[in-house]
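Q: Residue numbering for the sequence shown follows the working numbering, beginning at -3 and increasing consecutively.
Every residue, glycine too, gets a C-beta built ideally from N, C-alpha and C.
Please read these numbers as outputs of a predicted model, since none were measured by experiment.
I have a structure I would like to understand better, so I am pasting it below and will then ask my questions one at a time.
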Amino acid sequence: MSKRGAALFLLAGIAQGATVDTALFHNLEPRNIGPAIMGGRIADIEGVPGNPAIVYVATGAGGLWKTVNAGTTWTPIFDNEPVISIGALALDPHNSDVVWVGTGEASARNSISFGDGIYKSLDGGKTWRNLGLHDTRNISRIVINPLNTDMVYATALGHNSGPNEERGVFMTTDGGEHWKKALYIDEHHGGADMDINPANPNIVFATMWRFERRPWKFVSGDDAGGLFRSSDGGVTWKKITEGLPKTFGRMGVKVAAGNPKVVYV
């Protein structure tokens, strides 16, 4: 017998003859060691200014997650609500314990789940309250006025597979207690994206998109949607066409933080 074979035989004999005191396992409880918990694709991420250890992650089919140790561990904080699909997330710029969540993924895939409106937490995600917009189903963006955080905008795509009227841009001036439709084209066009001028929050931009996802077809874009601008805080809107294509699909919009006169679409 080779030295290697003898060594293996000796190790096997030791393993077979070893005994373990079961009292060592008395205080141990079963725990899940895998596979990894999957939250689905990420829909939105928000960090807390001044405290990079706190981050919120919204997922398309796995609820809302929070870390307080810079991503070392994550805790699901939306699991007690009736929906787990999230499309938008926003934090109050002056009070990071105030968290807004728009439910319903807004990617317009054929596999998305819909939500039941907009939620608000006043304690960093420990408890939640549904503030309406139930039939919007898919909320794509939430924007908070930095000078008046009771004024909040929400863009809603609406139903994924057919027309409905609860879509477009909605706004509240009392922290979500009441909502009104600020920008609406028709039952086929939803709000795709939105941003606000940080230097002058009366200036708001929103993009509108016609879409319909059915098993046998996908309608995306037309000449009625596009980029809209409000200079009075969302009371009135004007469509911007100069320099842009005549037919619009899904569009994103972003105001440059360093120079609010620069807008990207």
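What is the rounded straight-line gap between the Cα of Ala39 and the Cα of Ala102?
A: Their Cα atoms are separated by approximately 8 Å.
Q: According to DSSP, simplified to helix, strand and coil, what is Arg246?
A: Reduced to three states, the DSSP call for Arg246 is coil.
Q: Assess contact between the region 182 to 200 and the region 243 to 253, defined as three or more Cβ pairs (one per stretch) separated by less than 8 Å. Is contact present?
A: These segments touch.
Q: Using a threshold of 9 Å, state whether the C-beta atoms of Arg246 and Ser216 are closer than that.
A: Contact: yes.
Q: Are the beta-carbon atoms belonging to Asn134 and Gly83 less than 9 Å from one another?
A: Cβ atoms of Asn134 and Gly83: closer than 9 Å.
Q: For Gly164 and Lys116, what's the separation of their Cα atoms in angstroms?
A: Those two C-alpha atoms are separated by around 20 Å.
Q: Counting pairs of Cβ atoms below 8 Å between the region 178 to 197 and the region 122 to 130, do you hit three or more?
A: At 8 Å Cβ cutoff, the stretches do not touch.
Q: Over the uninterrupted beta strand (DSSP E) stretch that includes Leu223, give me the two end residues.
A: Unbroken beta strand (DSSP E) run through Leu223: 222 to 226.
Q: What do you get for Ser107, buried or exposed, if any count of 16 or more other CB atoms within 10 angstroms of its CB means buried?
A: Burial call: exposed.
Q: Pull up the DSSP beta-bridge partners for Glu42, would you.
A: Answer is Tyr52, bridged to Glu42.
Q: Among Leu118, Phe74, Ala86, Gly111, which residue has its Cα nearest to the Cα of Glu162?
A: The residue with the shortest Cα to Cα distance from Glu162 is Gly111.
Q: On a CA-only basis, which of Asn144, Ala188, Pro72, Glu77 is nearest Tyr52? Give me that one, please.
A: Nearest option by C-alpha distance: Pro72.
Q: Beta-carbon within less than 6 Å of Asn126's beta-carbon, same chain only, minus the 5 sequence neighbours each way: which residues are those?
A: Only Gly113, Tyr115 meet the Cβ criterion.
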